[in-house]
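Presented below is the structure to which this report refers.
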Amino acid sequence: METAPLTASPPAYEETPLQGVDHIEFFVGNARQAAHYYRSAFGFDVTAYAGPETGIRDRASYVLRQGEVVLVMTAPLGPDGEIAGQVQRHGDGVRALALQVTDVDAAHHDAVQRGARSVTAPHTVEDRQGAVRLAAVRTFGDTVHTFVDRSEYQGPFLPGYRDERRPGGGAGLALVDHCVCNVELGRMDEWVSWYNQIFGFEVFQEFDENDIATQYSALRSKVVRGGRRGSVTFPINEPAQGLRRSQIQEYLDYYHGPGVQHIALHTDDIVASVDHLRRQGAEFLRAPEAYYRSLPERIGDIDEDLDRLRALDVLVDRDEHGYLLQIFTRPVADRPTLFFEVIQRKGCRGFGKGNFKALFEAIEREQAERGNL
Ligand code: FE2
0 METAPLTASP PAYEETPLQG VDHIEFFVGN ARQAAHYYRS AFGFDVTAYA
50 GPETGIRDRA SYVLRQGEVV LVMTAPLGPD GEIAGQVQRH GDGVRALALQ
100 VTDVDAAHHD AVQRGARSVT APHTVEDRQG AVRLAAVRTF GDTVHTFVDR
150 SEYQGPFLPG YRDERRPGGG AGLALVDHCV CNVELGRMDE WVSWYNQIFG
200 FEVFQEFDEN DIATQYSALR SKVVRGGRRG SVTFPINEPA QGLRRSQIQE
250 YLDYYHGPGV QHIALHTDDI VASVDHLRRQ GAEFLRAPEA YYRSLPERIG
300 DIDEDLDRLR ALDVLVDRDE HGYLLQIFTR PVADRPTLFF EVIQRKGCRG
350 FGKGNFKALF EAIEREQAER GNL
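According to numbering that gives the first Met the number 0, the sequence shown is numbered sequentially starting from 0.
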C-alpha cells in the first residue's frame, strides 16, 4: 500500500466529520461525449463547465447533477500530465471520491497525521461568487479523496466553472448509496484498516467466498461506513480463488490496479427509474429466468409486480429489516471496469448478498463472451 505506516492514535472521526459525498470526478478520454452519455442515457442535467473558455487551459470538465448526485467528467486537452497519464493507464474511471467537510484543514491534517498521503495541500480557490477550500489525500490505486468546503460559495460548482443549463430530464436518481472499490488479492483488510485509521469508518458488513462465489468466480468484501449519520459507504472487494479468474481480477487487469468498481445510486421508484433509463439507452445486465422462479420463495411478499421486475431485470433481496431492489448496468466504457447500480431500499440495510450469485452468473456470461473466463 502506498501509504505511511499506520501508527496514529485510535480513530476519532467525530473530530473531522465527513458530511457526505460531495461529488465524484471521472478522468475520461472525451468529457464532452461522456457528459452527453450521462445526460441522454441517465437523465443527468449538465449544470457547469470548465475549459479554455473559462480560463482552464489543460482540461475540459462537465458537471452533471441529478437529485443530490454530482458527477464531474474531466478530459485532458493534451498528451502530457496527470489526467492524460491516468486515462491512458486506466481508461475512463473514477479519479476522485470527493467528501464534504466543514473544516478542510483539519480533515487533511488529521488524515495525514493518521497515515494518509497528501496529494494536494489545503488551498483556497475563489472567484466573484465566493471561495472554496480544497485539499486531497490518496487512497487505493490512483484514486483520491478530495475534501471540499463550499459553505462560502454561491457559484454553479467550483471557481473556474461557468453555469450551464442543459437539462437531462431526470430518471429519479436521488443520491449516492455506496461506492465500491476493487483492490488486489490479499489487500482488502489493509484498506479496511486504512479507512478505520484515517476516517474512523467501521466495518458494517462482510462477505466471503462462501457467500459470494459461483462455480468460477469468487470474491471477498467488507463494507466500511462512516461520516455524518453513516452517509459514506465504501464496500471493498478483493478477488478470491475460484475455478477461473475472478471478475474482480478481470477488473484489476483491465483497470491496471485498484479502483472504483461501481457507484450505486438510490431511487425511490426503481421500476419507473429503470423503465426510463432503458428507454433512454442505458444498458443493464440480464437476470437469469430461473432467478425469478425462485424469487417468491426466497423473498416473500413485496409491493412490486413480479412480472414487471422480471421484464426490467430488477433483482430483489431481503434482510431482517426489509428488502431492497437493485439492478446493475453493463460497464459504461469499453474496458470491463466501472459500472453503475440503481438501488431502492425498503428497509433493507444489505447490499444484495442473496443476489451476488445471480449477478455474477450474469457477469460471467459476458466475461466468457470476451474470452476472459
Ligand atoms: Fe452495490
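Backbone N, C-alpha and C fix where the C-beta goes; we use that ideal spot for every residue, glycine too.
Burial state of residue i, where buried means 16 or more other Cβ atoms lie within 10 Å
i: D333; result: exposed
i: S293; result: exposed
i: T123; result: exposed
i: R285; result: exposed
i: R278; result: exposed
i: S220; result: buried
i: P234; result: buried
i: G299; result: exposed
i: P238; result: buried
i: A209; result: For the sequence presented, residue 209 should be read as Asn rather than Ala. So N209 ends up on the exposed side.
i: G185; result: exposed
i: H376; result: Past the boundaries of the shown model lies residue 376; the chain is included only from 0 to 372, so the question cannot be answered.
i: E151; result: exposed
i: R364; result: exposed
i: Q366; result: buried
i: A289; result: exposed
is_contact[residue i, chain D] using C-beta, thresh 8 Å
i: I262; result: Within the model displayed, chain D is absent; a lone protein chain is all it includes.
Beta-carbon proximity check, residue i vs residue j, cutoff 8 Å
i: Y160; j: A59; result: no
i: A47; j: D148; result: no
i: K352; j: Y322; result: no
i: C347; j: P257; result: no
i: D412; j: F25; result: Residue coverage of the chain in this structure runs from 0 to 372, which leaves residue 412 outside it and unanswerable.
i: A115; j: I247; result: no
i: V45; j: L63; result: yes
i: E201; j: V223; result: yes
i: P335; j: R369; result: yes
i: D176; j: H275; result: no
i: L174; j: E67; result: yes
i: R244; j: R38; result: no
i: Q65; j: G140; result: no
i: V341; j: S230; result: no
i: Q112; j: F350; result: no
i: I301; j: D312; result: no
Cβ neighbours of residue i in the same chain (closer than 7 Å, five flanking residues each side left out)
i: Q153; result: Q128, G129
i: A83; result: P75, G77
i: T328; result: A281, E282, F283, F338, F339
i: V118; result: A135, V136, R137, V143
As assigned by DSSP and simplified to three states, the class of residue i
i: H177; result: strand
i: H399; result: The question about residue 399 has no answer here: the residues shown for the chain are numbered 0 through 372.
i: H89; result: helix
i: T73; result: strand
i: S220; result: strand
i: P238; result: strand
i: D104; result: helix
i: E340; result: strand
i: V143; result: strand
i: A367; result: helix
i: E24; result: strand
i: P335; result: coil
i: Q18; result: strand
i: P4; result: At P4 the pLDDT is 44, less than 50, meaning the model places this residue with poor confidence; the figure from the coordinates comes in the next sentence. Three-state result, P4: coil.
i: V313; result: coil
Contact test: residue i Cβ vs ligand 2 heavy atom, cutoff 7 Å
i: V179; result: Among the ligands in the structure shown, ligand 2 does not appear; only ligand 1 can be found there.
Same chain only: Cβ atoms within 6 Å of residue i, ignoring 5 sequence neighbours per side
i: T376; result: Residue numbering for the chain in the displayed model covers 0 to 372; residue 376 lies beyond these limits and cannot be assessed.
i: V27; result: A33, M72, A74, D91
i: A97; result: D21, H22, T145, V147
i: D104; result: P121
i: Q99; result: Q18, G19, D21, V147
i: F156; result: A47, V62
i: Q343; result: T266, I269, L324
i: D207; result: R219
Close Cβ partners of residue i (< 8 Å) along its chain, the five nearest in sequence each way excluded
i: T53; result: G159, Y160, R161
i: R56; result: L76
i: G225; result: Y12, L17, Y194, F198, G199, F200, E201, V231
Whole runs of the alpha helix (DSSP H) within the segment 271-307, excluding any shorter than 4 residues: 288-292, 294-298
Residue ranges of each alpha helix (DSSP H) run of no fewer than 4 residues wholly in the segment 151-204, ordered along the chain? 187-198
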